[in-house]
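Q:
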Amino acid sequence: MAETIAEILKDVERAIAELPDGPSALRYRRRLEDQRAALKSPTLRNIAALVVARCAKHPDLAPRIRRAFADLAEHHPELAWFYVQLPHAEGADEGDPGLIGERRRA
0 MAETIAEILK DVERAIAELP DGPSALRYRR RLEDQRAALK SPTLRNIAAL VVARCAKHPD
60 LAPRIRRAFA DLAEHHPELA WFYVQLPHAE GADEGDPGLI GERRRA
C-alpha cells in the first residue's frame with residue numbers, strides 16, 4: 000500500500016503544481032490538498048478503498064487478500080461495502096460479509 004499511496008501522492012503533487020493561478024482553480028486546489036492530506040494520514044476507510052482500487056487494476060491480488068478483508072469487514076461493518084467491490088468477491092463463502100450478520104445472530 001505504501002507504494003500505491005506514494006504513486007497517488009506523486010500524481011496529486013504534480014496536479015497541484017500544474018494548476019493555473021486564479022479563482023477558477025481554487026476549489027480544485029482545495030480538493031487536491033484535501034486528498035494529499037488524506038494520503039499522508041490515511042484512515043482505515045482510505046486504505047480499504049485503495050486496496051479495492053489496486054485489486055481492480057490487478058485482479059490476481061483479490062484472492063490473496065479476500066480472507067483478511069472479510070475479517071476486517073466483520074470487525075468494521077462500514078467497510079463491507081468495499082469488500083463486495085473486490086473482483087470475484089460476490090461468491091458466498093465463510094468470509095462473505097453478507098454472512099457476517101448471520102454468523103453473529105447464530
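Counting in numbering that gives the first Met the number 0, the sequence shown runs without a single skipped number right up to 105 at its last residue.
Yeah, the Cβ is synthetic: ideal placement off N, Cα and C, and Gly gets one too.
Just so it is clear, the structure is predicted and the values come from calculations on it, not from any experiment.
Under a three-way DSSP split, which group does Val11 fall into?
A: Here Val11 sits in helix by DSSP.
Q: Do Ile7 and Leu49 have their C-beta atoms closer together than 9 Å?
A: Yes.
Q: Output the boundary residues of the alpha helix (DSSP H) element that contains Leu49.
A: Per DSSP, Leu49 belongs to the alpha helix (DSSP H) from Leu43 to Lys56.
Q: Can you give the Cα-Cα distance for Ala69 and Asn45, rounded to whole angstroms?
A: Looking at the two C-alpha atoms, the distance is approximately 16 Å.
Q: So, with DSSP's three-state summary, where would you put Asp20?
A: In the structure shown, Asp20 sits in coil (DSSP, three-state: anything other than H, G, I, E or B).
Q: Drop a sphere of 10 angstroms on the beta-carbon of Ala65, count the other beta-carbons inside from all chains shown, and report buried for 16 or more, exposed for fewer.
A: The amino acid occupying residue 65 in the given sequence is Arg; Ala does not appear at that position. It counts as buried.
Q: Under 9 Å, do Leu43 and His75 count as touching if we go by C-beta distance?
A: Yes, these two residues count as a Cβ contact at 9 Å.
Q: Can you tell me whether DSSP reads Pro76 as helix, strand or coil?
A: Helix, per DSSP.
Q: On the three-state DSSP scale, how would you describe Glu101?
A: In this prediction, Glu101 has a pLDDT of 43, which is less than 50 and means its spatial position is unreliable; nothing more can be read from the coordinates.
Q: Should Ala55 and Gln84 be called a contact, given that it needs their Cβ atoms to be closer than 9 Å?
A: Yes, they are a contact pair.
Q: DSSP state of Gln84, grouped into three classes?
A: Gln84 falls in the coil class under three-state DSSP.
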